[in-house]
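Data block below; observations after.
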Amino acid sequence: MPPRHQDERVVSLDDELISMMESEAPQLEKKRVQQKRPNKKSKVVNKPDEIKIPLHPKQVPENLPEQWTCYNLNRALLLSLEALGLGFPTQIQKLVLTESSRCQVGTLPDVIASAPTGSGKTLAFLLPLLNAILSPIGSRSSQTSPSELYMSTCASDLEGSEGPNSGLLKNNVEPISALILVPTRELAFQIHSVALDLVKGSNIRVALLTGGISVQKQHRILSKKVDVLISTSGRLWSHANDEEHVSLKIKERLSALSFLVIDEIDRMTEGCGRFKELESILALLNPIATMVFSATFDNLKSSALFSKIPFPSKAPLFLSTSTAEMKKTPLSGLASNVSVLKLRCCIRDKDACLVALLEKPPVVPTIVFVNSIAMIRRLCSLLRLLGINALPLHSQMPQRQRLKNIDRIKSALNADKSPILLATDAVGRGIDIPHVSRIIHFQVPPTLSQFIHRSGRTGRADACGVSYLLIAPDDHQASASLLKAAKALIKEDPQLENLLWDPNVLSKIKERLEIATLVDSFEHKNRKVQSDKTSALFLDEDESSVQHSANKRQNLQGAMPYDEDAVVEQQIALSKLSKMKKLLVKLNAKH
């Protein structure tokens, strides 16, 4: 009998457990579903090589962007354009898309396109390029219903893409379908960001290859299949000649490309060995569909580089948004909504004139261009001491800091707190920074092309902008050719000069600048002294002994006699510095 009671007890316990599990099942299922859902506060990053599941037909908008459907764009691109809020194409986009829509499916026209800065050249080459790669993935007909588009895309995703360079090359090397070459890291990052927004909902893999990214990560990127590779010419050529990683077969993969895009080609031919690197890369390519873009094309057709571009056809299409009247002017690459004003000032007052221009209400996001990194460092220190939020941007900065400073000015919606970007030509090409309504050329640009591209950082997307050119008597020799070439477009405004260069205003600014210069000089000297003391105590290359280092430290410290007068003098100087800083804060508050 006891065993029977025990069995009954076991059965009753089992019944209790089952009933408990059944009662808790809905709660457990709800918890499991909640765990699967991403946290709204957490940042969700879509990897470029992640295969996306197409939307259900009910989720496909019935009203696709009407202005884009006439170009036979892929469904995924149309949905991306709608998600980005791009309702209609710009003039340069219309020209390029019209020519690409006339081509055979999966191909591109040979194009050399020119348009003013800020006119949407990035989308002008990304859309036809991505469309050509996506073309085998289902129908592109604008008359196809959303349900049919969904079903065709689902089927193609399950079967896999059969692109122009699908499959492995020799030695199991993953192919690269398209290459986009750009002159600067910042432009590469920007194009990469736009491309990722466009390929959402497709299985296109977009990769970025520039300096500032760890070498190991670059090797991982190149070891995988890449549909679109965005790179600077220098970095790509460096990997092509990397003997330690010959398994990546960069040269072999470049020779099997299907599409090539070169953006800002005029910058890539300017000095610093860029022409040689670009020429070496082009020499590896077979004749392929090529699109070349820039704001200016001065003497491109007669240059040595033109013959190196691997156009399959001998007569590529020249597309330009410039009118016949604009083509006669040297500044045809500058948008008509950008006003160019020349402001004359004395060389000794140039710093004060810059401050007066920056502090003149309304305060707006501004980029100040200079010709050297040393000038950026000097101005950045002075402007910060004057209470102006100045951010540097030059080629010697770490990549992370460069991108961080660009993001800061991009997100500056409050005009009262708008930072000022001090930049060299690292940001002068192709970078799209919204809300920048003013450009100041503190130093005269060396070339007309640089002046156009610097000025093109304002007036983006048909917004109005102003480009100021500060000219001192010493600048006239450097600016003579620029002023002569742009005589018709660069205007003078004596009334504005009189308003800005008011003697009373400039005298107060000069007083603040004088104090700021003294403070900056003392702080620089103090940092140098401290740095020299610290470096003297570091181990030399032949001093591997820790005991030797300790002895050296003791000897150096002991060799420095206590100088009471020097200590008192330093304390007085620090006191003066503190007073000057307080005075400067008061003067800054009054301006």
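UniProt numbering numbers the first residue of the sequence shown as 1 and each following residue consecutively. For every residue, glycine included, the Cβ atom is placed at its ideal position computed from N, Cα and C. As the structure is a prediction and not an experimental result, all values here were calculated from the model.
Item: Beta-carbon proximity check, T232 vs A295, cutoff 8 Å; Value: no
Item: Same chain, Cβ closer than 8 Å to E541, five either side skipped, listed in chain order; Value: Low confidence applies to E541: its pLDDT is 46, below 50, so where it sits in the model is not reliable enough to give any reading.
Item: For A516, the three-state DSSP class (helix, strand or coil); Value: helix
Item: Nearest candidate by alpha-carbon position, reference A181, set L123, P128, L282, S100; Value: The sequence shown places Leu at residue 181, not Ala. Nearest of L123, P128, L282, S100 to L181, Cα basis: L282.
Item: C-alpha gap between R377 and Q67, whole angstroms; Value: 47 Å
Item: From S100, L209, H394, residue whose alpha carbon lies closest to that of P316; Value: S100
Item: C-alpha gap between L198 and R75, whole angstroms; Value: 11 Å
Item: Beta carbon of I440 nearer than 8 Å to that of V355; Value: no
Item: Separation of I452 from I471, as counted between CA atoms; Value: 17 Å
Item: Local Cβ density within 10 Å of R185, reported as buried at 16 or more and exposed below that; Value: buried
Item: Given P109 as reference, the closest of T117, A115, A124, P116 once Cα atoms are compared; Value: A124
Item: In DSSP terms, what M291 is bridged to; Value: V111, V261
Item: Residue environment, L499, which counts as buried when at least 16 other CB atoms sit within 10 Å; Value: exposed
Item: Spatial neighbours of L513 in its chain, beta-carbon cut-off 8 Å, leaving aside the 5 residues before and after; Value: D351, A352, V355, L382, L386
Item: K251 and E174 closer than 8 Å at C-beta; Value: no
Item: Own chain partners of T90 with C-beta closer than 7 Å, once the 5 adjacent residues on each side are dropped; Value: S119, G120
Item: Contacting residues, own chain, Cβ-Cβ under 8 Å from T122 (five flanking each side not counted); Value: Q190, I191, V194, D263, G430, D432
Item: Sub-8 Å separation of P434 and L391 beta-carbons; Value: no
Item: Host alpha helix (DSSP H) of F125 (start-end); Value: 121–134
Item: Sub-8 Å separation of T117 and L334 beta-carbons; Value: yes
Item: Identity of the residue in A589, N526, N588 nearest L577 by Cα; Value: N526
Item: Three-state secondary structure assigned by DSSP to I180; Value: strand
Item: G459 and V338 closer than 8 Å at C-beta; Value: yes
Item: L254 - containing beta strand (DSSP E), residue span; Value: Not the beta strand (DSSP E): L254 falls in the alpha helix (DSSP H), residues 250–255.
Item: Three-state class that DSSP yields for T69 in the structure shown; Value: helix
Item: Span of the beta strand (DSSP E), counted from its first residue to its last, around P392; Value: 390–393
Item: Proximity test, L584 beta-carbon vs the ligand SAM heavy atom, cut-off 7 Å; Value: By its list of ligands, the structure shown contains no ligand whatsoever, and the ligand SAM lies outside what it can speak to.
Item: Length of the line joining the Cα atoms of L284 and I409; Value: 39 Å
Item: Spatial distance of K360 from I347 (CA atoms); Value: 20 Å
Item: Span of the beta strand (DSSP E), counted from its first residue to its last, around V206; Value: 206–209
Item: From W501, K484, M580, residue whose alpha carbon lies closest to that of S521; Value: M580
Item: Inter-residue Cα distance where the pair is K342 and S437; Value: 16 Å
Item: I367 - DSSP class collapsed to helix/strand/coil; Value: strand
Item: Length of the line joining the Cα atoms of N504 and C345; Value: 15 Å
Item: Exposed unless 16 or more other CB atoms sit within 10 angstroms - verdict on K249; Value: buried
Item: Backbone secondary structure at T232 - three-state DSSP; Value: strand
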